[in-house]
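J.: The numbering of the sequence shown is UniProt numbering, which starts it at 1 and goes up by one.
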Amino acid sequence: GLNSPLTTFHGFSINVNNDLKYFDNIIACGLKDYPQTSIKKILSKTIPIYDVKEQLLDSFGNIFKIPVLRII
């Protein structure tokens, strides 16, 4: 998540190659007509998690115009 003084904590997740059966009984954010998906399901192929991580970090820094520190 993100930590900023005087604000709430927020976070997000990205389903990359995970087994979506674990979401079968979860209605995320009350949106019952919108089931969980993953990058693998959308693209019909497995994507290396490292590639997703690098693209995510680069995009996050560019969008919010902040440097992103990579820790391991």
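Where a beta carbon is used, it is the ideal one built from N, C-alpha and C, also for glycine. Since this is a predicted model, take the numbers as computed values, not measurements.
Could I get the ranges of all uninterrupted alpha helix (DSSP H) runs contained in the segment 1–49, with 4 residues as the minimum, in chain order?
T.: The segment 1–49 contains these whole alpha helix (DSSP H) runs: 39–43.
J.: Whole angstroms is fine: what's the gap from residue 55's alpha carbon to residue 41's?
T.: Locating residue 55 in the sequence shown gives position 55, counting from the first residue. Locating residue 41 in the sequence shown gives position 41, counting from the first residue. Their backbone Cα atoms lie some 18 Å apart in a straight line.
J.: Flag this pair as touching only if the segment 23–35 and the segment 49–66 have three or more C-beta atom pairs under 8 Å; answer yes or no.
T.: Too few Cβ pairs lie closer than 8 Å, so no.
J.: If you measure between the beta carbons of residue 46 and residue 17, is that distance less than 7 Å?
T.: Residue 46 sits at position 46 when you count from the first residue of the sequence shown. Residue 17 sits at position 17 when you count from the first residue of the sequence shown. Result yes, Cβ atoms of residue 46 and residue 17 sit closer than 7 Å.
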